[in-house]
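Participant:
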Amino acid sequence: LLKTLGRHVFCTKPQVLYGELSGKMQGLLRCRGHLAVLLILEGFNLEALVEAIRFEQSLEECESTFTVSELKDIAVALETWSTNGSQQSSQADHCGGARAFVLLAWAVYLSLASKLPNKPNEGDDLPDTQKALAATDTSDAMRFWTSMVCEGEIFESKGHGHTVAYLSLVKNFLSMFLSAFQANDSALSNTLACLLGRLLSGQPTLCDGFWEGSDDLELPLHALLNTVRSHFPLQ
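Per this note's numbering, the very first residue in the sequence shown carries number 910; after that it's consecutive.
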């Protein structure tokens, strides 16, 4: 898993090491699990899939993504990781949450990849999205997701730099999740809306991008607010 993802993180996205997440940022992330998860998210490069969907590109044409063979290798690695992790989750709840969050990100990747045109040739089918989603403990993933937002709030309260960059990455994943899956369940959409509110609270830069943005990263977040609004009709 690390070998395959590392090729994308360390070769195609060196700014992950030398930009927002380098140096001081690593010191700020007192929980190493958050840094590891952010690096893995960058390795998945979900933004490239959203771009490919927009321009109706195939998986092969998608910039900085994986081959079908690599996806199968990742699926095997994550399946083993999930099985081993479920046996040890009681020993390290936070590690279990990080694991669940990565598995959720994997399901998001597969869901987005399945929306691309020009599906792979017969025999080169993508790993199953529903199987990946079924292997994910969504409760653990949501708790870890919330802890990532709390970490950003701690940074802000202590006046640390790079807070916006950190929270922006978390916000972008929320957008990717909504692009991959419909948040039709009222409890889930309300929870995600609360996360979005906490991400934007006290962050003028993120707020400006959210309200003024009309790109593929912001539209799913706007749709989330419309979904939540529909849960509270005018009497």
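Using N, Cα and C, we set each Cβ at its ideal position, and we do this for glycine too.
1) Report all residues from its chain with a CB closer than 6 Å to the CB of Cys971; omit the five preceding and five following residues, and keep chain order.
2) Does the segment 1108-1121 come within contact of the segment 1033-1046, defined as at least 3 CB pairs closer than 8 Å?
3) Quick one, are the C-beta atoms of Ala1009 and Asp1034 less than 7 Å apart?
4) Can you give me the C-alpha to C-alpha distance between Leu1013 and Pro1026, rounded to a whole angstrom?
5) Under 7 Å, do Ala1102 and Leu1133 count as touching if we go by C-beta distance?
6) Excluding five sequence neighbours on each side, which residues of the same chain lie with their C-beta closer than 7 Å to the C-beta of Val1011?
7) Below 7 Å CB to CB, which residues in the same chain sit around Thr1136 once its five sequence neighbours on both sides are set aside?
8) Between which two residues does the alpha helix (DSSP H) carrying Asp1037 extend?
9) In whole angstroms, what is the alpha-carbon distance linking Trp1120 and Leu987?
10) In angstroms with no decimal places, state the Cα-to-Cα distance between Leu1105 and Asp1124.
11) Excluding the 5 residues flanking Asp1049 on each side, which residues of the same chain have their C-beta closer than 6 Å to its C-beta?
12) Let me know the secondary structure DSSP gives Asn954 once reduced to three states.
13) Does Ser978 come out as helix, strand or coil in the three-state DSSP assignment?
14) Can you tell me which of the three DSSP states Lys1080 falls into?
15) Give the straight-line distance between the Cα atoms of Ala1089 and Val1017, rounded to the nearest whole angstrom.
16) First and last residue of the alpha helix (DSSP H) that includes Pro1113?
17) Taking only three categories from DSSP, how would you classify Ala1092?
18) Taking the straight line between their C-alpha atoms, what separation do you get for Ser1020 and Ser1077?
19) Leaving out five residues on either side along the sequence, give the residues of the same chain with a beta carbon under 7 Å from the beta carbon of Lys981.
Facilitator: On the basis of the coordinates in this document:
1) Closer than 6 Å at Cβ, skipping near neighbours: Ala957 and Ala961.
2) Taking 8 Å as the limit for Cβ pairs, the verdict is that the segment 1033-1046 does not touch the segment 1108-1121.
3) Not in contact: Ala1009 and Asp1034 (Cβ atoms no closer than 7 Å).
4) Rounded to whole angstroms, Leu1013 to Pro1026 spans 23 Å at the Cα level.
5) The answer is yes: Cβ separation under 7 Å.
6) So the list reads Val946 and Ile949, once near-sequence residues are dropped.
7) Answer for Thr1136: Ala1092 and Ser1098, listed in chain order.
8) That residue, Asp1037, is in no alpha helix (DSSP H); it is neither H nor E in DSSP.
9) Rounded to the nearest angstrom, the two C-alpha atoms are 37 Å apart.
10) Each residue's Cα considered, the two are about 17 Å apart.
11) Taken in chain order, the residues that qualify are Gly1005, Gly1006 and Ala1009.
12) Of the three classes helix, strand and coil, the one that applies to Asn954 here is coil, per DSSP.
13) In the three-state reduction of the DSSP assignment, Ser978 falls in the helix class, which pools H, G and I.
14) In the three-state scheme derived from DSSP, where H, G and I count as helix and E and B as strand, Lys1080 is classed as helix.
15) Taking the Cα positions, Ala1089 is about 6 Å away from Val1017.
16) Run containing Pro1113: Pro1113 to Glu1121, per the alpha helix (DSSP H) assignment.
17) Taken through DSSP and simplified to helix, strand or coil, Ala1092 comes out as coil.
18) Roughly 22 Å between the two C-alpha positions.
19) Apart from sequence neighbours up to five positions away, the residues of its chain that approach Lys981 with a beta-carbon distance below 7 Å are Pro1036, ordered along the chain.
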